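According to our numbering, the sequence shown is numbered sequentially starting from 5.
The beta carbon of each residue, even a glycine, is placed where N, CA and C say it ideally should be.
Computed from a prediction, not measured in an experiment: that's the story for all the values here.
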Amino acid sequence: MKRRLPAGRLTARRLVVLRHAKSAWNTDAPSDHDRPLNKRGRRDAPRIGARLAELGWGPERVISSDAARTRETWDRMSAAFGDTVEVSFTNLFYGAGTQEVVRALSDEPEKVVTAMVIGHNPGWEELVDALTGADHRMTTCNAALLSIAAESWTEATAQVGCWRLEHLLRPKEL
Numbered sequence: 005m006k007r008r009l010p011a012g013r014l015t016a017r018r019l020v021v022l023r024h025a026k027s028a029w030n031t032d033a034p035s036d037h038d039r040p041l042n043k044r045g046r047r048d049a050p051r052i053g054a055r056l057a058e059l060g061w062g063p064e065r066v067i068s069s070d071a072a073r074t075r076e077t078w079d080r081m082s083a084a085f086g087d088t089v090e091v092s093f094t095n096l097f098y099g100a101g102t103q104e105v106v107r108a109l110s111d112e113p114e115k116v117v118t119a120m121v122i123g124h125n126p127g128w129e130e131l132v133d134a135l136t137g138a139d140h141r142m143t144t145c146n147a148a149l150l151s152i153a154a155e156s157w158t159e160a161t162a163q164v165g166c167w168r169l170e171h172l173l174r175p176k177e178l
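This is the structure in structure tokens:
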């Protein structure tokens with residue numbers, strides 16, 4: 005059920021939902037968790053980072069899966085945002101769905117306006133679909149830029165189906 009918040013002292017909460025860049029399949033990595041990016045992924049990550057910065061969507065806070073490919077995606081794009089971004093890596097986002105991400109974001113402090121989550125499909129596509137109430141395809145290194153007016157991240161994440169998709173960035177369109 006959609007519930008709109010009353011107008012008042014609401015802040016635009018902005019969320020970048022980023023699927024990791026393209027990863028290598030033919031690798032000596034001991035597990036799926038350890039797979040690195042491939043050549044295309046290493047090329048695309050900094051391009052998406054630069055475009056996010058250009059659009060003014062640099063995050064203050066990043067929560068990422070701790071898989072090798074998500075870490076490498078962030079490492080390759082982070083230069084676009086400077087060194088003031090608070091970053092944490094969690095194994096809870098490896099194979100995560102909407103509930104895990106919403107739970108993590110609901111704890112964010114009110115001072116954080118723009119947050120980024122980096123992870124994997126199918127969870128990231130399901131997250132964007134749940135928050136916006138519409139179907140959106142999230143291929144590798146796609147960034148869904150979402151916004152909602154809310155006093156806190158707790159309120160923002162409770163508004164399933166009410167988030168607005170501002171942009172869907174795809175490396176092949178840059």
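Proximal residues to residue i (C-beta, below 6 Å), its chain only, five neighbours per side dropped
i      : result
Gly137 : Gly165
Arg17  : Ile152, Ala154, Ala160
Gly127 : Ala100, Gly101
Gln163 : Ile152
Arg44  : Lys26
Neighbour-count burial assignment, residue i, 16 or more Cβ in a 10 Å radius
i      : result
Arg65  : buried
Thr118 : buried
Trp29  : exposed
Arg80  : buried
Ser92  : exposed
Thr144 : buried
Leu59  : exposed
Ala108 : buried
Thr77  : buried
Asp48  : buried
Coil, strand or helix - residue i by DSSP
i      : result
Arg17  : strand
Ala154 : strand
Val91  : strand
Ala33  : coil
Ala25  : coil
Leu56  : helix
Ala49  : helix
His171 : strand
Ala72  : helix
Arg65  : strand
Arg7   : Below a pLDDT of 50, predicted positions are generally treated as unreliable, and Arg7, at 42, falls in that range; no measurement from the model is reported.
Cβ shell of residue i (< 8 Å), same chain only, five flanking positions each side left out
i     : result
Gly53 : Arg80, Met81, Ser82, Ala83, Ala84, Phe85
Any C-beta of chain C under 7 Å from that of residue i
i     : result
Arg47 : No chain C is part of this structure, which consists of one protein chain only.
Same chain, Cβ closer than 7 Å to residue i, five either side skipped, listed in chain order
i      : result
Leu178 : Arg51, Arg55
Check: residue i C-beta below 6 Å from any heavy atom of the ligand SAH
i      : result
Val117 : Absent from the structure shown: the ligand SAH. Ligands present: none.
- Message: With three or more beta-carbon pairs closer than 8 Å as the criterion, would you say the stretch 35-55 touches the stretch 66-81?
- Response: Taking 8 Å as the limit for Cβ pairs, the verdict is that the stretch 66-81 does touch the stretch 35-55.
- At least 3 beta-carbon pairs within less than 8 Å: the stretch 116-130 vs the stretch 19-31: Contact holds: three or more Cβ-Cβ distances are below 8 Å.
- Below 8 Å, can you find three or more Cβ-Cβ pairs linking the stretch 94-104 to the stretch 145-153? no
- Query: Any contact of the stretch 80-91 with the stretch 99-114, i.e. 3+ C-beta pairs under 8 Å?
  - Reply: no
- 4-residue-minimum alpha helix (DSSP H) runs that sit fully inside the stretch 84-145, ordered along the chain: The qualifying runs are 102-110, 127-136.
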